[in-house]
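Following: one structure in structure tokens, then a few remarks.
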Amino acid sequence: MLFNSLVFAVFLPLVFSVYWFALSRHLRLQNLFLLVASYVFYGWWDWRFLSLIFLSSAVDYAVGVRLAGATRLMSRRLLLATSLTVNLGALGFFKYFDFFADSFTDLIGAVGFQAHPFTLNVILPVGISFYTFQTLSYTIDVYRGKIEPTRDPISFFAFVSFFPQLVAGPIERASNLLPQFQRVRRFDADAASDGTRQILWGLFKKIVVADTCAGYVNDIFANYQSLEPGALLLGAVYFAFQIYGDFSGYSDIAIGTARLFGFRLMRNFAYPYFSRDIAEFWRRWHISLSSWFRDYLYIPMGGSRVSRDKAIRNILIVFVVSGFWHGANWTFLAWGLLNGLYFIPLFLRSRNRKHLDVVAAGRVLPTFHQGAQMLSTFALTVVAWIFFRSPSIGDALQYLARLFSPRVAYLPSEYLGALPIVLFLVGWEWMQRDKQHGLAIERTGVVWRQMAYVGLTTLVVWFFRGEQTFIYFQF
Numbered sequence: 000m001l002f003n004s005l006v007f008a009v010f011l012p013l014v015f016s017v018y019w020f021a022l023s024r025h026l027r028l029q030n031l032f033l034l035v036a037s038y039v040f041y042g043w044w045d046w047r048f049l050s051l052i053f054l055s056s057a058v059d060y061a062v063g064v065r066l067a068g069a070t071r072l073m074s075r076r077l078l079l080a081t082s083l084t085v086n087l088g089a090l091g092f093f094k095y096f097d098f099f100a101d102s103f104t105d106l107i108g109a110v111g112f113q114a115h116p117f118t119l120n121v122i123l124p125v126g127i128s129f130y131t132f133q134t135l136s137y138t139i140d141v142y143r144g145k146i147e148p149t150r151d152p153i154s155f156f157a158f159v160s161f162f163p164q165l166v167a168g169p170i171e172r173a174s175n176l177l178p179q180f181q182r183v184r185r186f187d188a189d190a191a192s193d194g195t196r197q198i199l200w201g202l203f204k205k206i207v208v209a210d211t212c213a214g215y216v217n218d219i220f221a222n223y224q225s226l227e228p229g230a231l232l233l234g235a236v237y238f239a240f241q242i243y244g245d246f247s248g249y250s251d252i253a254i255g256t257a258r259l260f261g262f263r264l265m266r267n268f269a270y271p272y273f274s275r276d277i278a279e280f281w282r283r284w285h286i287s288l289s290s291w292f293r294d295y296l297y298i299p300m301g302g303s304r305v306s307r308d309k310a311i312r313n314i315l316i317v318f319v320v321s322g323f324w325h326g327a328n329w330t331f332l333a334w335g336l337l338n339g340l341y342f343i344p345l346f347l348r349s350r351n352r353k354h355l356d357v358v359a360a361g362r363v364l365p366t367f368h369q370g371a372q373m374l375s376t377f378a379l380t381v382v383a384w385i386f387f388r389s390p391s392i393g394d395a396l397q398y399l400a401r402l403f404s405p406r407v408a409y410l411p412s413e414y415l416g417a418l419p420i421v422l423f424l425v426g427w428e429w430m431q432r433d434k435q436h437g438l439a440i441e442r443t444g445v446v447w448r449q450m451a452y453v454g455l456t457t458l459v460v461w462f463f464r465g466e467q468t469f470i471y472f473q474f
């Protein structure tokens, strides 16, 4: 079920009405109802994949309970290994089996042997990368003694499958979300109002910005070999805003929807294209995944508390794994590696945590230096996005070669249609860069607020082209 579908437009108010008007005094029934609604939401794509999320939930619930009574280190390690094997095994099979089979076939062929490709054409279950990491964080934290295991299967299964963030995050930690299932929730009109505004802002970013950019991006990347540098520049920039509008738009809708039901999810995007260096960009882009890799991969490997060479190794491993998490293609590995190479010079100069504040705080415009920093950081991310979007590394390199060729660059008029929308988004978010989301305008005058709501709603309806899937559903 898609957030930008007519089915969801019926599903959400129906679930909301039953949840608050029929079950508001029964916490356990609320949780059970959310669990059923979440399984309906997820099963709308393919009910067969419900078995995977059920298996992951059942294994990790049982592992958590057993960890509570396990005192021997070997027993605890065996339980954790069970969780890791089941979850990562399922993720690896469904997401990477075909990739490794095809890569092995290509390798054998490269050294002169004939090999018949063996592939099952495995279909990737929607959202498996997200809920796998979410439930793994629970068992790891229980193993570490950071949280107490729950003995309430309904709340735990609802935590794993919570429909607003099930398919594309944010990747929640059990320490934040699970306790919210275990305490009484009261309807908060202010929170619901703010959640509704954030949903509208997310729909605007998805339908108006991302889907509009997508048409131009698809055409430019499909025909890059015959286009001039100006068109290729627009294609790369449009993709940067397509993937941002698409993914952060999903996160806004998810966070806003959760607020309607009395839950507070973690922030996933914080205006990343206003970053002054790559380190700041990764503190502001897909925050839930970046922090997950920091806490469960980078720090356990030693983080930066080891020798310089090992710290660089740890950084590169995290970025490459992050790229591979996104998909079974060498282009994602190249994208992750490139971002790691961007990051290392900042780390070596101890400047990777320099920019922790909001850029140009208290000012209308940035300084020239801040503007140059943001522009150069954005340019680096756009180059990396070309690898992310291209079907192969060869295509990415050819795209870059044509983009930076010495031919005169001009912006062709046939590809300028999305530019006003992108500039509008940038201007609006610049004014809101110290807020939680683009429509956090509760202190603005009533007339201006109503004009903003009506205007954005009109744009969403006007630009709606039917159900367009979200990019990150494939990850």
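Residue numbers (numbering that gives the first Met the number 0): 0 to 474.
Beta carbons: idealized from backbone N, C-alpha and C, even for Gly.
Computed from a predicted model, the values in this text were never measured in an experiment.
V459 is a Cβ neighbour of L199, given a cutoff of 9 Å. Boundaries of the alpha helix (DSSP H) around H325: 307-325. Exposure of A8 is indicated by the presence of fewer than 16 other C-beta atoms within 10 angstroms of its C-beta. Taking C-beta separations shorter than 8 Å and ignoring five residues to either side along the sequence, the partners of N313 in its chain run Y297, M300, G301, G302, S303, V305, following chain order. Per DSSP, the unbroken alpha helix (DSSP H) holding D210 starts and ends at 210-221. Boundaries of the alpha helix (DSSP H) harbouring Y142: 127-143, taken from the DSSP string. Only exposed fits V357, as fewer than 16 other CB atoms lie within 10 angstroms of its CB.
Counted as a single uninterrupted DSSP element, the stretch harbouring N351 is not any alpha helix (DSSP H), since DSSP gives it neither H nor E. Short of 6 Å from the beta carbon of L177, and not among the five residues preceding or following it, lie these beta carbons of its own chain, in chain order: F158. The Cβ neighbour count for P419, taken over all protein chains shown within 10 Å, is under 16; the residue is labelled exposed. The alpha carbon of S321 has as its nearest neighbour, out of R350, A395, W291, the alpha carbon of W291. Going by beta carbons, F162 and F40 fall inside the 9 Å limit.
Comparing C-alpha distances from Y295 to each of Y137, A21, G361 shows the shortest one belongs to Y137.
By the Cβ rule, the region 142-159 does not count as touching the region 228-248, because fewer than three pairs are nearer than 8 Å.
Counting only residues of its own chain and dropping the five nearest sequence neighbours on each side, S160 has a CB closer than 8 Å to the CB of L34, S37, Y38, Y41, I52, S56, Y130. Between the alpha carbons of G326 and L87 lies a distance of about 14 Å.
With a threshold of 16 other beta carbon atoms within 10 Å, L455 meets it and is buried.
By the criterion of a C-beta distance shorter than 6 Å, F48 is surrounded in its chain by P124, once the five residues flanking it on both sides are discounted. Relative to the Cα of L226, the nearest Cα in the group V407, A239, V85, R266 belongs to V407. The alpha-carbon separation between T211 and R75 amounts to approximately 51 Å. For Y272, same chain residues with a beta-carbon under 6 Å away, outside a window of 5 residues either side, are F377 in chain order.
Across the set Y223, F132, A188, F472, the C-alpha of F132 shows the shortest separation from the C-alpha of R293. For K434, the secondary structure class from DSSP, reduced to helix, strand or coil, is coil. Counting only the Cα atoms, Q164 lies some 19 Å from D59.
Nearest to L72 by C-alpha distance, out of L374, R143, I470, Q179, is R143.
Secondary structure note for A67: its alpha helix (DSSP H) is the uninterrupted segment 49-68. Per DSSP, reduced to three states, the secondary structure at T468 is coil, with no helix or strand assignment. Residue T134 holds the alpha-carbon nearest to the alpha-carbon of S174 among D189, A188, T134.
When rounded, the separation of the alpha-carbon atoms in L83 and E428 is 40 Å. Here L410 is actually not in contact with L202; their C-beta atoms are around 28 Å apart, not less than 8 Å.
In the displayed model, T195 falls within a helix according to three-state DSSP. With respect to the 9 Å criterion, W334 and A235 are not classified as neighbours on the basis of their beta carbons.
In the DSSP annotation of this structure, the continuous segment of the alpha helix (DSSP H) that includes R283 starts and ends at 277-283.
By alpha-carbon distance to A253, the top candidate from S23, L13, F469 is F469.
Counting along the chain, W334 sits inside the alpha helix (DSSP H) bounded by residues 329-347.
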